[in-house]
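J.: Residue numbers (this note's numbering), protein chains in the order written: chain A, 1 to 169; chain B, 1001 to 1689.
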């Protein structure tokens, strides 16, 4: 009788210590997450497309990531759309990677899906991007065509605010 | 010490490790099987409390260093960034800042315990000296840590303390320059203090290992002061001492949590919420409370070199204690004279602490000199003398005899010491406040919705206060630590994110450079901060007739006034923290058209009843009917003042509601936990008595 009461007390104290310890741990872990000012600084940004001539591209930063905005030529669009989707390492159609009615604008996060280097625009064999680190190549739709990269360049969340302005984020 | 451990793990894998590195045996012999005297009282749990505090200070410190910037122009701001933006940053910083005080409270109890029970005597001399070294390292670490927020007290504390070394003959100036890394306290000083503040705790931890090693070789002293003779005199460290220490720690945590969650500003100094200003020294430079007795000794001696020497000697004399007190009887329990003088010495230390916070003038100087003499006389004259003349009472034959002889009357000394320490603590706390004594009208205490343990900001008042700030104060005063997004934060004025964004869009924010390399203006976004009315301090001074309107973000934490006796003691229990809001409210309402007879106010200044010196450069900012409220609140100065003060209390401490809410949860948990620990301890010790 007495021994069960003692056991219960020990278990309860041990459990309380464990709960308290775990709860105390939370602030110490949570503080590592992005703080409020970092989150606020990651708010959507607007980019004016008007100054970007056909065949040109610009690099903007959103949440510390480089975003390529390419004003593609007719040739680049055609190339991207001619490739049979099923032959790609990461099959995705060009239409699915741009906004309808704004086919000339390619917006991708310029971070190689291999190990995070920044591919160079207008280089490589596919009229797209070439990553100098390990030789991955992306086409004019930002899809991986060659090299160790496992996936296409991701498309960030964005929408057209007007015909010549997008909001990223 | 039980000698080489005979501990043998049973699992083959553990056996394999143990043969190559007998770490489990070491832990087992040091913290499990280690025989601990069975008559230890709760004063002995402070060793465990100190270990816990050191661990906690290192942990919170390492984390704070992840978010802090040790650079003179950014240090203050980065501390506010921790308080405002980092997840639980306010909690971590308050743990660290109050933790320093708790660490010193615990170490003083630990030291006085050693002094009372003769824990420094043969064979524990090295153990004691290691303790003195730890204490010195703690003082250095605490001092450098206090410099890091780079507020006014940080800066001037650093200046005054480093200047102590200028007293050294011939090399003084060179040493000080070396410490500063410049011609004055500045960025290089801050950088190296940060580096050393990070380093020293690990040095402390290393010396603590030696301290514990020495302890485990000599064995623990005990209240009877007789060494254990048979196995009946001791109990195994685990579970007995472990549980008792854990209970002590959980009670200490309750005390600690009271400061973290409800009184975070009680032991601090309002001046340290003013960014460091090399051109203005605060009216009263007061070190943190734990240095005050030594500061008093320093100031008691009119000669610079002698004062500095006396101050350092006051600490170093402790190291010689084993050879100053040569009495064979360890515990003061059996030394009728030593016991009385011990308590007198405690009172001398507390009074010195009190004096350390008083202005160095008049009676305080004379009393300071007498007490300084008493301090040294205790060590250098009294203890050697007592060793020779005192007739100690007989000590018990063994520890088990002592345990058996224990009577109900034992409670009285414990109670009296607790009372003593409470009074001492309150006096010290009051002393720091008294230092700011001014012949000044005390602002009347207002009723604030955010006061007390469950206080919350009145949302309506915050919104009206924001309006008053925007339409009146913002003409001259910045609010640079508040971003528009904060208006939508939980515990704030209660606006939605869309409302905060719309509020931001009304402001023009300077941004750039753009692609042409030019700065441009754009509408504000939630992430932007309230723009300051002037581009820089010089422009503000130029426009304001030489007076700089202070930034208001922290004003309710950066202003305070003396509470006086007995309020400062009651404040600890009532959790009174609203000096800042009371002061701001009083200033806003304290303008009088005509100064009272006999008071002359210089040209360009105005009479304010509550402003120190009464001549304020700010003209009366508020007048009835100046701002219209949509919610029908009266358009009076009293209402404006109340609302804008509430708003500024929020801008100074935006996570106050979260702090108090979490505090309640922590208290409920800790009370239950301490209760469980108490009964567990009783069960475990039931066999031992």
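For every residue, glycine included, the Cβ atom is placed at its ideal position computed from N, Cα and C.
Got a sec: which bits of the region 25 to 43 of chain A sit with their beta carbon under 7 angstroms from any beta carbon on chain B, in order along the chain?
T.: Taking 7 angstroms as the Cβ-Cβ cut-off against chain B, the residues of the region 25 to 43 of chain A that qualify are 27, 28, 30, 31, 33, 35, 36, 37, 40, 41, 43.
J.: Grab me the residues of residue 98 of chain A's own chain with a C-beta within less than 7 angstroms of its C-beta, minus the 5 sequence neighbours each way, in chain order.
T.: Cβ within range, chain order: 105, 106.
J.: Is it the case that the region 1328 to 1348 of chain B contacts the region 1115 to 1134 of chain B, given that we only count it when at least three CB pairs across the two stretches are under 8 angstroms?
T.: Yes, they touch.
J.: Helix, strand or coil: how does DSSP classify residue 1244 of chain B here?
T.: In this structure, residue 1244 of chain B counts as helix in the three-state DSSP scheme.
J.: Look at the Cβ atom of residue 1369 of chain B, then the Cβ atom of residue 1300 of chain B, and state whether they are nearer than 8 angstroms.
T.: Yes, these two residues count as a Cβ contact at 8 angstroms.
J.: When you compare each of A/62, A/88, A/19 to residue 145 of chain A by their alpha carbons, which one comes out closest?
T.: Of the candidates A/62, A/88, A/19, the one whose C-alpha sits nearest the C-alpha of residue 145 of chain A is A/88.
J.: Using a Cβ-Cβ distance cut-off of 8 angstroms, determine whether residue 1081 of chain B contacts chain A.
T.: Yes, because at least one Cβ of chain A sits closer than 8 angstroms to the Cβ of residue 1081 of chain B.
J.: Where do the ends of the alpha helix (DSSP H) carrying residue 976 of chain B lie?
T.: A question about residue 976 of chain B goes unanswered here, because the residues of chain B that appear run from 1001 up to 1689.
J.: Spatial neighbours of residue 1271 of chain B within its chain, please: C-beta separation below 8 angstroms, excluding the five flanking residues on both sides.
T.: 1151, 1152, 1153, 1282, 1558.
J.: Starting from residue 109 of chain A, trace the beta strand (DSSP E) in both directions and tell me its first and last residue.
T.: It spans 105 to 109 - the beta strand (DSSP E) in which residue 109 of chain A sits, taken as one unbroken run.
J.: Measuring straight from C-alpha to C-alpha, what distance separates residue 77 of chain A and residue 1485 of chain B?
T.: If I take the Cα positions, the gap works out to 41 angstroms.
J.: Just to make sure I have the definition right: I need the residues of chain A whose C-beta is within less than 8 angstroms of the C-beta of residue 1680 of chain B. Which are they?
T.: Going along chain A in sequence order, the residues near residue 1680 of chain B (Cβ under 8 angstroms) are 9, 10, 13.
J.: Nearest-angstrom Cα distance between residue 1378 of chain B and residue 1418 of chain B?
T.: If I take the Cα positions, the gap works out to 23 angstroms.
J.: Taking C-alpha atoms, which residue in A/102, A/34, A/129, A/124 lies nearest to residue 112 of chain A?
T.: Of A/102, A/34, A/129, A/124, the residue nearest in Cα terms is A/129.
J.: Would you please verify whether the beta carbon of residue 169 of chain A is less than 8 angstroms from any beta carbon of chain B?
T.: Cβ-Cβ to chain B under 8 angstroms: no for residue 169 of chain A.
J.: Quick check on DSSP: helix, strand or coil for residue 1522 of chain B?
T.: In this structure, residue 1522 of chain B counts as strand in the three-state DSSP scheme.
J.: What residues from the region 1476 to 1489 of chain B come within 7 angstroms of chain A, judged by C-beta to C-beta, listed N to C?
T.: Correct list: 1483, 1485.
J.: State yes or no: is the C-beta of residue 1526 of chain B within less than 8 angstroms of the C-beta of residue 36 of chain A?
T.: Taking 8 angstroms as the Cβ cut-off, residue 1526 of chain B and residue 36 of chain A do not qualify as a contacting pair.
J.: Along chain A, in chain order, which residues have C-beta atoms closer than 7 angstroms to that of residue 1039 of chain B?
T.: Neighbours of residue 1039 of chain B on chain A: none; closest Cβ ~24 angstroms, over 7 angstroms.
J.: Leaving out the 5 sequence neighbours to the left and right, which residues in its chain are closer than 6 angstroms to residue 1060 of chain B when beta-carbon positions are compared?
T.: 1092, 1095, 1096.
J.: Report the rounded CA-to-CA distance for residue 67 of chain A versus residue 1649 of chain B, giving the unit in angstroms.
T.: Whole-angstrom Cα-Cα distance: 42 angstroms.
J.: Assuming residue 1165 of chain B and residue 1179 of chain B are in contact, meaning their beta carbons sit under 8 angstroms apart, how far apart are those beta carbons, in whole angstroms?
T.: 6 angstroms between Cβ atoms; contact.
J.: Residue 136 of chain A to residue 13 of chain A, Cα distance in whole Å?
T.: Each residue's alpha carbon lies about 58 angstroms from the other.
J.: Quick one: using the 10 Å Cβ neighbour count with 16 as the cut-off for buried, is residue 1653 of chain B buried or exposed?
T.: By the neighbour-count rule (16 or more Cβ atoms within 10 Å), residue 1653 of chain B is buried.
J.: Along chain B, which residues have their Cβ under 7 angstroms away from the Cβ of residue 16 of chain A?
T.: Those are 1672, 1673, 1676, listed as they occur along chain B.
J.: Run through the DSSP bridge pairs and tell me what residue 1696 of chain B is partnered with.
T.: It is not possible to answer for residue 1696 of chain B, since the shown part of chain B is limited to 1001 through 1689.
J.: Would residue 1380 of chain B and residue 1324 of chain B qualify as a contact pair, given that the criterion is a beta-carbon distance under 8 angstroms?
T.: Contact: yes.
J.: Quick one: is residue 1086 of chain B buried, meaning 16 or more other Cβ sit within 10 Å of its Cβ, or exposed?
T.: Label assigned to residue 1086 of chain B: buried.
J.: Quick one: Cα of residue 1258 of chain B to Cα of residue 1396 of chain B, how far?
T.: Roughly 40 angstroms separates the two Cα atoms.
J.: Could you tell me the distance, in whole angstroms, from the CA atom of residue 1130 of chain B to the CA atom of residue 1677 of chain B?
T.: Roughly 31 angstroms separates the two Cα atoms.
J.: Going by beta-carbon coordinates alone, are residue 1348 of chain B and residue 1375 of chain B separated by less than 8 angstroms?
T.: Yes.
J.: Do three or more CB pairs link the region 1463 to 1476 of chain B to the region 1592 to 1605 of chain B at distances below 8 angstroms?
T.: With the cut-off at 8 angstroms, the region 1463 to 1476 of chain B and the region 1592 to 1605 of chain B do not touch.
J.: In angstroms with no decimal places, state the Cα-to-Cα distance between residue 1231 of chain B and residue 1404 of chain B.
T.: Distance between the alpha carbons of residue 1231 of chain B and residue 1404 of chain B is about 15 angstroms.
J.: So, at 6 angstroms on beta carbons, what are the nonlocal neighbours of residue 1685 of chain B in its own chain, with the 5 sequence-adjacent residues on each side left out?
T.: Nothing listed; no residue qualifies.
J.: Out of A/47, A/82, A/63, point me to the one whose CA is closest to residue 69 of chain A's CA.
T.: Minimum Cα distance to residue 69 of chain A is reached at A/47.
J.: Pick from B/1219, B/1245, B/1242, B/1243: whose alpha carbon is nearest that of residue 1233 of chain B?
T.: Closest option to residue 1233 of chain B, Cα to Cα, is B/1219.
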